[in-house]
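In this text, residue positions in the sequence shown follow our numbering: the first is 35, and each later residue adds one.
Report on one structure; see the data block that follows.
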Amino acid sequence: ESELFGHVKGAFTNAYVDKPGRFEIANGGTIFLDEIGEMSLATQVKLLGVLEGGRFERVGSNDTISVDVRIVAATNRNLEEAVREGRFREDLYYRIRVIPIVLPPLRQRSDDIPLLVNHFREKFNREMRKQIAGLSPQSLMALEEYPFPGNIRELQNVMEHAFVCCEECIIQFEHLPADLQRHYIAHQEWSDAETLQTVERQAICRALDKSGWHFKEASQQLGIGRSTLWRKVRQFGIKPEA
35 ESELFGHVKG
45 AFTNAYVDKP
55 GRFEIANGGT
65 IFLDEIGEMS
75 LATQVKLLGV
85 LEGGRFERVG
95 SNDTISVDVR
105 IVAATNRNLE
115 EAVREGRFRE
125 DLYYRIRVIP
135 IVLPPLRQRS
145 DDIPLLVNHF
155 REKFNREMRK
165 QIAGLSPQSL
175 MALEEYPFPG
185 NIRELQNVME
195 HAFVCCEECI
205 IQFEHLPADL
215 QRHYIAHQEW
225 SDAETLQTVE
235 RQAICRALDK
245 SGWHFKEASQ
255 QLGIGRSTLW
265 RKVRQFGIKP
275 EA
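Rendered as structure tokens:
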């Protein structure tokens, strides 16, 4: 509550000075409220006051502050269910539900995973001062087939785990978290004829299809060099679909 609405000196322990909240700082602009479904009922009441009248009081003060702020909110929770259970105010729910945008979970858009993986690879290369070039085909397939109940945050954590474990230039299957490895292995229905070469060929075909047969992009997704990719394509006799 204090972070959003600010507080005055002496409002609580360690409140040594007056401090403006996020709404005051964002006056005239936009504020993003992440995980609004976790907000307490008391804070929801104050937020409703901002939405309806553009007014609120700092914690520990009776002085009214006026602001003009656009609010963008996000949540992983089912707010309709939270309203029914009394954990989220119905009036606030309908005030924030002006233009709802539903983002499908990551398990329903596995095509986004290679792009997100590359984003996190660049991020952790900078932060950890590493030069990891990509993921092995098996590692990428394991990520694409995992349901990711924690969505993008979980994918980020998986990539961070892999970076910590990887001392090579390519993230291998064994660098992934153990639970993700177990899920991948358990969901593979191998026949006697299926071999590691079959898996590799499938991964190459998928990367080429997703990249529109751009070898540079496909090789980056696979974590191999372009010359290696050319050799594998010739070896497996892979050709563009007519």
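Positions of the beta carbon are idealized from the N, C-alpha and C atoms, including for glycine.
Per-residue burial, residue i [other beta carbons within 10 Å of its own, 16 or more giving buried]
i	result
HIS221	exposed
LYS80	buried
PRO54	exposed
GLN269	exposed
SER74	exposed
ALA227	Summary for ALA227: the model assigns pLDDT 46, below 50, so the residue's position carries little reliability, and this model does not support an answer.
SER253	buried
VAL84	buried
SER225	Bear in mind that the predicted position of SER225 carries a pLDDT of just 45, short of 50, making it unreliable; the figure below should be weighed with that in mind. With fewer than 16 other Cβ atoms within 10 Å, it is exposed.
PRO171	buried
MET162	exposed
Residue i vs residue j beta-carbon contact at 9 Å
i	j	result
PRO158	ILE147	One detail in the question is off: residue 158 reads as Phe in this sequence, not Pro. Not in contact: PHE158 and ILE147 (Cβ atoms no closer than 9 Å).
LYS70	ALA45	According to the sequence provided, residue 70 is Ile. The question's Lys does not apply to it. No.
LEU350	ILE186	The displayed coordinates of the chain run from 35 to 276. Any statement about residue 350 would go beyond what the structure contains.
VAL101	VAL42	no
GLU86	ARG129	yes
GLY40	PHE66	no
CYS200	LYS164	yes
Secondary structure of residue i, DSSP reduced to three states
i	result
ALA108	coil
ILE258	coil
THR98	strand
HIS195	helix
PHE90	strand
THR47	coil
HIS41	strand
LYS157	helix
ALA227	Caution is warranted here: a pLDDT of 46 is assigned to ALA227, below 50, making its placement in the model unreliable, and no coordinate value can be reported.
PHE66	strand
Top-ranked residue by Cα proximity to residue i, from the options
i	options	result
ASN61	HIS41, ALA49 and ILE99	ILE99
LEU169	ARG141, GLN190 and CYS203	CYS203
VAL51	LEU263, MET73, SER95 and PHE122	SER95
ALA196	LEU150, LEU210 and VAL132	LEU210
ILE258	THR232, LEU174 and ASP213	LEU174
VAL103	PHE90, ASP125, THR109 and GLU114	PHE90
TYR218	MET162, ASP125, ILE105 and PHE182	PHE182
GLU179	ALA237, PRO134 and TYR127	ALA237
PRO138	ASP213, GLY184 and GLU194	GLY184
GLN215	PHE249, GLU234, LEU177 and ARG240	LEU177
ILE135	ALA76, ASN110, ARG265 and VAL233	ASN110
ILE59	ALA241, SER36 and GLU156	SER36
ALA116	ILE105, GLN78, VAL192 and ARG240	GLN78
GLU194	ILE105, ASP68 and ASN152	ASN152
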